[in-house]
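Numbering (our numbering), first residue to last: 61 to 195.
Positions of the beta carbon are idealized from the N, C-alpha and C atoms, including for glycine.
Structure first, then comments.
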């Protein structure tokens, strides 16, 4: 049974993200990677509208979505300009469907490719979200 989006997430910053994710799903493996990455952070809320049908998973703090998991291998984070630049230089790709602040840090399965540090990017996105007011 699908749950309603929490009222705290309905704001102008999250609107493009929620609109994009509306019909998307996430494999449990990639959702698990995201959830593990935010486990050590402080005030984080995890929302999935319907776990039984593998819907998307978002992570938020203080009403700001700062990351999500969709598909088989996509994890995206909202980063400030400095960290977004670093993410892009180290293999992330823009995820402009959700706005200019978003990048995809898809973990690679290739042994000859450096492992993506999802917890690092989760922390940077979390810090940026905590400095943002929902408005």
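DSSP puts residue 135 in a beta bridge; with which residues? 129
Burial state of residue 99, where buried means 16 or more other Cβ atoms lie within 10 Å: exposed
Residue closest to residue 178, alpha-carbon to alpha-carbon, out of 190, 102 and 96: 96
Under 8 Å: do the region 63-72 and the region 137-146 share three or more Cβ pairs, one atom per stretch? no
Under 8 Å: do the region 154-169 and the region 100-110 share three or more Cβ pairs, one atom per stretch? no
CB of residue 107 within 9 Å of CB of residue 119, strictly: yes
To the nearest whole angstrom, what separates the beta carbons of residue 117 and residue 86, a pair I think is in contact under 8 Å? 5 Å
Under the assumption that residue 121 contacts residue 189 (Cβ atoms under 8 Å), give the Cβ distance between them as a whole number of angstroms. 5 Å
Nearest neighbour of residue 139, chosen from 191, 72 and 70 [CA to CA]: 191
Pick helix, strand or coil for residue 95, following the three-state DSSP scheme. helix
Buried or exposed for residue 82, please, with buried defined as at least 16 other CB atoms from any protein chain shown within 10 angstroms of its CB. exposed
Measuring alpha carbon to alpha carbon, tell me which of 166, 150 and 127 ends up nearest residue 200. Nothing can be reported for residue 200: it is not among the residues displayed for the chain, which extend from 61 to 195.
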